[in-house]
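Colleague: Residue numbers for the sequence shown follow the working numbering, so the first one is 1 and each next one is one higher.
Quick reminder that beta carbons are idealized off the backbone N, C-alpha and C, glycines included.
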Amino acid sequence: MRTAVVILNWNTRDYLGRFLPPLLASLRGLDAGVVVADNASTDGSRALLAERFPQVRTLLFEENFGFTGGYNRAFERLLGEPDAPEYLVLLNSDIEVEDGWLQPLTDWMDTHPDYAACGPKLHALVPDGADFRRTDRFEYAGAAGGLLDRYGYPFCRGRVLSRTEPDTGQYDRPADVLWVSGACLLVRAACWRTLGGLDDRFFAHMEEIDWCWRAQLAGWRVGVVPQSCVWHLGGGTLAPSSPFKLQLNYRNGLLMLDNNLPATLGAARARRRICVRKILDCCAAIVYLLSGKPAYARAVRDAHRGYRTLRGAAPLHPEPAAKAAPKGLYSIRILLQAALRGDKVFNYLRRYEDRY
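1) In angstroms, rounded to a whole number, what distance separates the CA positions of F346 and P243?
2) Can you grab the Cα-Cα spacing for the pair E96 / T164, in whole Å?
3) Can you pull the DSSP bridge partners for R159?
4) With distances taken Cα to Cα, identify the nearest neighbour of G223 among L125, C156 and G306.
5) Which residues in the same chain as L340 place their Cβ atom closer than 8 Å to its Cβ, once the five residues preceding and following it in sequence are excluded?
6) Work out the CA separation of W192 and D99 for me, nearest whole Å.
7) Going by beta carbon distance, what residues of the same chain come within less than 7 Å of P120, once the five residues before and after it are set aside?
8) Between D114 and the rest of its own chain, which residues show a CB-CB distance below 7 Å, the 5 nearest in sequence each way excluded?
9) Comparing alpha-carbon positions, which option in T309, V89, L261 and L290 lies nearest R251?
10) I'd like to confirm the pairing. Which residues does DSSP put opposite W231 in its beta bridges?
11) What's the gap between the Cα of R333 and the Cα of D281?
12) When we look at the beta-carbon of H232 and count the other beta-carbons within 10 Å, is it buried (16 or more) or exposed?
13) Can you check whether the CB of W10 is closer than 8 Å to the CB of N64?
14) Report, in whole angstroms, the separation of the C-beta atoms of F75 and N39, which I expect to be a contact under 8 Å.
15) Using three-state DSSP, classify I7 as helix, strand or coil.
16) What does the Cβ neighbour count give for P318, buried or exposed, with the cut at 16 atoms within 10 Å?
17) Among residues of its own chain, excluding the 5 on either side of A297, which ones have a beta-carbon nearer than 7 Å to its beta-carbon?
18) State buried or exposed for C118, treating a residue as buried only when at least 16 other CB atoms are found within 10 Å of its CB.
19) Among A47, D107 and G306, which residue has its Cα nearest to the Cα of N249?
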């Protein structure tokens, strides 16, 4: 198959049963196939795949390697085969697709050989009784393409902090962005080989931002192709309110800056920027404490401890020499802008993007 759509599964049996059938139907007639890589699930996922989806290839791991380790191992296996795919898709198990979602992405990569990766617009899928309902509102994880502010806080076209926009066609032109959500991300296999995959230290969360940033530093481009749209439920593995999820985000945010800021800004400016980010994180921990959320404050503390431990280890991939200025790094302070502007922050960001 030319395109391998790879779902990394860990204990999401019900989502596989619900979302695999429309995914398989959407690929009929295309040179594409589905692979499920299972991170040692214990909820009956493997039995479900064997009984209901015997046509789906499975890669069975004997421990949970996380998002980074699972995808690295799955892609290493696929790319080591004689008929290795040209394109690889990272797809969450809680994504609902419709016919025609994949073709715009592969067409874009075919006609734009300087792109390392691209992705669709992500709309929110919400529970509706015993089923789910599609909405026209952008989804938190990736919306219409991802950006970073000056201190490494991620936000999206169509999503700032927990605030999202309805999709009224305001992002219907293809655009270069810094990152595309790993919930649905198509990557060029040749670029994956060159960059070496995801940084295993991350385990989960923000690893796709790090990878897309490294790809841009290496001279590639990353874009969103709005002719493709999928629906994402979100929170299938870790709930948004999970302190562990918060810990991963704070820790991996610092690792990501450590990996990429020196090549982007130079070593001295990168050190200063990371120092400010650490101070902002500590301020956030104080706010959590004053708000009666001690578990969140401890999550920030543990994130910084984990960062100090992991940054001492050699990263999986050497720091690239910057061949290009990354697109989608904004000099604004997104936390301040969101607080000052409220819902009008989206209009402000669109004006900023037009100038940028």
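Modeller: Once the coordinates are examined:
1) Locating residue 346 in the sequence shown gives position 346, counting from the first residue. Locating residue 243 in the sequence shown gives position 243, counting from the first residue. If I take the Cα positions, the gap works out to 28 Å.
2) The residue given as residue 96 occupies position 96 in the sequence shown. The residue given as residue 164 occupies position 164 in the sequence shown. So the alpha carbons of these two residues sit roughly 19 Å apart.
3) The residue you call residue 159 lines up with position 159 of the sequence shown. According to the DSSP secondary-structure assignment, R159 is paired through a beta bridge with C156 and T164.
4) As a working mapping, residue 223 is identified with position 223 in the sequence shown. For G223, the closest alpha carbon among the candidates L125, C156 and G306 is that of C156.
5) Reading the sequence shown from its first residue, position 340 is the one you call residue 340. For L340, where only same-chain residues beyond five positions count, there are no Cβ hits under 8 Å.
6) Within the sequence shown, numbered from 1, the residue matching residue 99 stands at position 99. Within the sequence shown, numbered from 1, the residue matching residue 192 stands at position 192. Distance between D99 and W192, taken at the CA atoms: about 27 Å.
7) Indexing the sequence shown from 1 puts residue 120 at position 120. Listed in chain order, the non-local C-beta contacts of P120 below 7 Å within the same chain comprise W101, L105, C184, V225, S228, C229 and V230, local neighbours out to five positions each way being set aside.
8) Locating residue 114 in the sequence shown gives position 114, counting from the first residue. Result list for D114: W220 and R221, in chain order.
9) To locate residue 251, count along the sequence shown from 1; it is residue 251. With distances taken between Cα atoms, R251 lies closest to T309.
10) Here the question's residue 231 lines up with position 231 in the sequence shown. E96 and H123, per the DSSP bridge assignment.
11) Position 333 of the sequence shown, counting from 1, holds the residue named residue 333. Position 281 of the sequence shown, counting from 1, holds the residue named residue 281. Separation of R333 and D281 (C-alpha to C-alpha, rounded to the nearest whole angstrom) is 14 Å.
12) The residue you call residue 232 lines up with position 232 of the sequence shown. So H232 ends up on the buried side.
13) Counting from one through the sequence shown, the residue named residue 64 turns up at place 64. Counting from one through the sequence shown, the residue named residue 10 turns up at place 10. Contact flag set, yes.
14) Here the question's residue 75 lines up with position 75 in the sequence shown. Here the question's residue 39 lines up with position 39 in the sequence shown. By a beta-carbon distance limit of 8 Å, F75 does not contact N39. Their separation comes to about 14 Å.
15) Stepping through the sequence shown from its first residue, residue 7 is reached at position 7. Strand.
16) Taking the first residue of the sequence shown as 1, we reach residue 318 at position 318. Because P318 carries a pLDDT of 49, less than 50, the predicted location of this residue cannot be relied on, and no value is offered for it.
17) The residue given as residue 297 occupies position 297 in the sequence shown. If you ignore the 5 residues before and after A297, its C-beta comes within less than 7 Å of the C-beta of A285, Y288 and L289, all in its own chain and listed in chain order.
18) For the purposes of this step, residue 118 is identified with residue 118 of the sequence shown, where counting begins at 1. By the Cβ-count criterion, C118 is buried, with 16 or more other Cβ atoms from all chains shown falling within 10 Å of its own Cβ.
19) In the sequence shown, the residue the question calls residue 249 occupies position 249. Ranking A47, D107 and G306 by Cα distance to N249 puts G306 first.
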